[in-house]
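333 is the number that UniProt numbering gives to position 333 of the sequence shown; each next residue is one higher, with no gaps. Backbone N, C-alpha and C define an ideal beta-carbon position, used for all residues, glycine too.
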Amino acid sequence: MEALENEATAAQTNTPEEVLDERTPEQSYEPTETVASEPWNDLPIRALLLTAPPPEDLDLFCGFIRDALPKEGVNTLVVRFRYQYQFQSHPELADIGALSRDQVRRMLQACRDAGVQLIPKMNLLAHQSDEGYIMPLLAKYPQLDEAPHLNPPVPWKYGGLHDFYTKSLCPQHPDLLPIVFPLMDELIEACEADAFHIGLDEVWILGDDKCPRCGGRDKAELFAEYTTILRNHLAEKGCRTWIWSDRLIDGKTTHLLGWQASMNNTHRAIDMIPKDIVICDWKYEDAPPTPAYFALKGFDVVPSSCYNAEAAIAQLEQVYFARKNGARAFFSAPLANHQRGVFSTSWMSAREFIEAYYGDPTPGAAPSLAENTANTFKALFAEVRRNMP
Ligand SMILES: [Zn+2]
1 MEALENEATA AQTNTPEEVL DERTPEQSYE PTETVASEPW NDLPIRALLL
51 TAPPPEDLDL FCGFIRDALP KEGVNTLVVR FRYQYQFQSH PELADIGALS
101 RDQVRRMLQA CRDAGVQLIP KMNLLAHQSD EGYIMPLLAK YPQLDEAPHL
151 NPPVPWKYGG LHDFYTKSLC PQHPDLLPIV FPLMDELIEA CEADAFHIGL
201 DEVWILGDDK CPRCGGRDKA ELFAEYTTIL RNHLAEKGCR TWIWSDRLID
251 GKTTHLLGWQ ASMNNTHRAI DMIPKDIVIC DWKYEDAPPT PAYFALKGFD
301 VVPSSCYNAE AAIAQLEQVY FARKNGARAF FSAPLANHQR GVFSTSWMSA
351 REFIEAYYGD PTPGAAPSLA ENTANTFKAL FAEVRRNMP
């Protein structure tokens, strides 16, 4: 209350400029350089997400990279490895269909031939299981389970807003980072990556009351601390961190609810994590203005679409809208430049996506998820190419 009264007094007696001058050095802001506005239509990030193929589909995968990605205008391929890699540091963590280092090097060569940057992706918090399958990290190291008392298939169930969850890691467990860091390092080395996507989406189990380390802790702080630790490790390796957006959006105020936003009080982490993290703002049904929220908070952001072409193009229009403003005034460029481009995602095997991409739809049949996803990718990138300088 005292501070409020002081502010009111200052507002009555001082001009805004004088109030600014009275700020502490930490609060003052001096623009030190002029930032150039980027061309609105020349998007630095034009990305696609594919699942890592099993070894028998590697030729198909590399052929698609060389053939389709340059034609479409894709310049970034994010590959969801999860544990589908023959880790030398932890051979016990290789999942079904794991690729060898040589096979990943073939993937990398295909990306280089296509002029595409390869970004490896792992899920490093939630998505450690599905309904019936525990993925290798928790299968081999069950002590890392944030909530061992929640076990599939009970109470796994679908239908309600709060019925679904996947198993999560305990971000505070002392065994976690010594295991996870070498896995990340191996993928960075194999992909010669300078960016790494660490997932962090749909973390419903976090700060569980029964976890002796996390129980009772502020969930936003837990999320931010762990994100920052992973980001710092990646920065040491010369890699920029990419994450999904949903834990950083308040699902209650926005009514975006618990999947594409957070209903478990993690959203304040947006003010606690390093600003150089790239936010992949996944919205599959519509195009709310959340990318602008991340840009205003100082993050580079890419709206991330999936199976709805109309929504994907509406997201692209928002990117263009924001980027065009960068040319209007000298102070407009930084905010505009935070909108880096677009990210097409796919949530199926790479083979299903690629076959849908090349396939002829069956006349009269309802399109499959793979067909809708491939068609959304094509429609989005056709619009990107139509506008390119
Ligand atoms: Zn814990």
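Verify the contact flag: Arg213, CB atom, against every heavy atom of ligand 1, threshold strictly below 6 Å.
Counting from one through the sequence shown, the residue named residue 213 turns up at place 213. Relative to ligand 1, the nearest heavy atom lies less than 6 Å away from the CB of Arg213.
Which residue marks the beginning of the beta strand (DSSP E) containing Val79, and which one marks its end?
Here residue 79 refers to the residue found at position 79 of the sequence shown. Taken as a continuous stretch (DSSP letters only), the beta strand (DSSP E) holding Val79 covers 76–80.
Nearest by alpha-carbon distance to Ala94: which of Pro274, Glu317, Glu186 is it?
Working through the sequence shown from its first residue, we reach residue 94 at position 94. Nearest of Pro274, Glu317, Glu186 to Ala94, Cα basis: Glu186.
Cβ-Cβ distance between Gln86 and Ala98 below 7 Å
Taking the first residue of the sequence shown as position 1, residue 86 is located at position 86. Taking the first residue of the sequence shown as position 1, residue 98 is located at position 98. Yes, they are a contact pair.
Look at the Cβ atom of Leu58, then the Cβ atom of Gln103, and state whether they are nearer than 7 Å.
Sequence index remark: in the sequence shown, residue 58 carries index 58 (1-based). Sequence index remark: in the sequence shown, residue 103 carries index 103 (1-based). Yes, the pair counts as a contact, with Cβ atoms nearer than the cut-off.
Can you tell me where the alpha helix (DSSP H) with Lys71 in it begins and where it stops?
Here residue 71 refers to the residue found at position 71 of the sequence shown. That run of the alpha helix (DSSP H) goes 58–72.
Could you pull the start and end residues of the beta strand (DSSP E) that Gly341 belongs to?
On the sequence shown, position 341 is the one that residue 341 refers to. Boundaries of the beta strand (DSSP E) around Gly341: 341–344.
Validate contact between the segment 341–358 and the segment 56–74 using beta carbons, cut 8 Å, 3 pairs:
With a cut-off of 8 Å on Cβ pairs, the segment 341–358 is in contact with the segment 56–74, counting three or more such pairs.
Between which residues of its own chain and Lys283 is the CB-CB distance below 8 Å, once the five residues before and five after are set aside?
Taking the sequence shown and counting its residues from 1, one reaches residue 283 at position 283. Around Lys283: Gln260, Thr290, Pro303, Ser304, Ser305, Ala311, Gln315.
Measuring alpha carbon to alpha carbon, tell me which of Lys252, Val319, Pro120 ends up nearest Glu192.
One-based indexing of the sequence shown puts residue 192 at position 192. If we check each option's Cα against that of Glu192, Pro120 comes out closest.
What do you reckon, is the C-beta of Gln143 under 6 Å from a heavy atom of ligand 1?
Your numbering for residue 143 matches position 143 in the sequence shown. For ligand 1, not one heavy atom lies less than 6 Å from the Cβ of Gln143.
On the DSSP bridge list, what partners appear for His197?
In the sequence shown, residue 197 corresponds to position 197, counting from 1. Per DSSP, Lys121, Trp242.
At a cut-off of 6 Å, would you count Cys170 as near ligand 1, judging by its Cβ distance to the nearest heavy atom?
Translated into positions along the sequence shown, residue 170 becomes position 170. Result yes, Cβ under 6 Å from ligand 1.
Look at the alpha carbon of Arg23 and the alpha carbon of Gly298, and state the distance between them as a whole number of angstroms.
Looking up residue 23 in the sequence shown gives position 23. Looking up residue 298 in the sequence shown gives position 298. With a pLDDT of 49 at Arg23, under the threshold of 50, the predicted position of this residue should be treated as unreliable, though the coordinate-derived value follows. Note on geometry: alpha-carbon atoms of Arg23 and Gly298 lie some 21 Å from one another.
In the DSSP output, which residue or residues are listed as bridge partners for Ala47?
Here residue 47 refers to the residue found at position 47 of the sequence shown. According to DSSP, Ala47 bridges with Thr76, Phe343.
For ligand 1, any of its heavy atoms closer than 6 Å to the Cβ of Glu146?
Counting from one through the sequence shown, the residue named residue 146 turns up at place 146. Flag set: Cβ of Glu146 near ligand 1.
Out of curiosity, what's the CA-to-CA distance linking Gly132 and Tyr293?
For the purposes of this step, residue 132 is taken as residue 132 along the sequence shown, with counting starting at 1. For the purposes of this step, residue 293 is taken as residue 293 along the sequence shown, with counting starting at 1. So the two alpha carbons sit approximately 36 Å from each other.
Using only CA atoms, which one of Ala382, Ser349, Leu369, Val384 lies nearest to Glu56?
As a first step, residue 56 must be located in the sequence shown, where it is residue number 56. Ranking the options by Cα distance to Glu56, first place goes to Ser349.
Using CA coordinates, which residue listed in Lys275, Val79, Arg328 is at the minimum distance from Pro54?
Here residue 54 refers to the residue found at position 54 of the sequence shown. In terms of Cα proximity to Pro54, the closest of Lys275, Val79, Arg328 is Val79.
What first and last residue would you give for the beta strand (DSSP E) that runs through Pro303?
In the sequence shown, residue 303 corresponds to position 303, counting from 1. Unbroken beta strand (DSSP E) run through Pro303: 301–305.
Secondary structure at Val278, three-state DSSP: helix, strand or coil?
Position 278 of the sequence shown, counted from the start, is the residue given in the question as residue 278. Taken through DSSP and simplified to helix, strand or coil, Val278 comes out as strand.
Through-space distance from Tyr307 to Arg217, alpha-carbon basis
For this step, residue 217 is matched to residue 217 along the sequence shown. For this step, residue 307 is matched to residue 307 along the sequence shown. The C-alpha of Arg217 lies about 37 Å from the C-alpha of Tyr307.
Kindly give me the distance between the Cβ atoms of Ser168 and Ile205, rounded to whole angstroms, as I take these residues to be in contact under 8 Å.
If you number the sequence shown from 1, residue 168 lands on position 168. If you number the sequence shown from 1, residue 205 lands on position 205. Contact flag correct, Cβ pair sits at about 4 Å.
Terminal residues of the continuous alpha helix (DSSP H) containing Tyr358?
Along the sequence shown, one-based indexing puts residue 358 at 358. Going by DSSP, Tyr358 is part of the alpha helix (DSSP H) stretching over 350–358.
Compare the Cα-Cα distances from Gln339 to each of His255, Lys324, Gly199 and report the closest residue.
On the sequence shown, position 339 is the one that residue 339 refers to. Closest by alpha carbon: Lys324.
Could you pull out every residue in the same chain whose Cβ sits closer than 6 Å to the Cβ of Leu234, ignoring the five residues on either side in sequence?
Here residue 234 refers to the residue found at position 234 of the sequence shown. Answer for Leu234: Phe196, Thr241, listed in chain order.
With distance defined between alpha-carbon atoms, name the residue in Ala333, Asp130, Gly215 nearest to Glu202.
Counting from 1 along the sequence shown, the entry for residue 202 is found at position 202. It is Asp130.
What does the alpha-carbon distance come out to for the pair Lys237 and Ile188?
To locate residue 237, count along the sequence shown from 1; it is residue 237. To locate residue 188, count along the sequence shown from 1; it is residue 188. In this structure, the straight-line span from the alpha carbon of Lys237 to that of Ile188 is close to 8 Å.
Look at the alpha carbon of Ser89 and the alpha carbon of Gly73, and state the distance between them as a whole number of angstroms.
For the purposes of this step, residue 89 is taken as the residue at position 89 of the sequence shown. For the purposes of this step, residue 73 is taken as the residue at position 73 of the sequence shown. Cα atoms of Ser89 and Gly73: separation of roughly 36 Å, rounded to the nearest angstrom.
Measuring alpha carbon to alpha carbon, tell me which of Val35, His267, Leu48 ends up nearest Val342.
Along the sequence shown, one-based indexing puts residue 342 at 342. Val342 has its Cα closest to that of Leu48, out of Val35, His267, Leu48.
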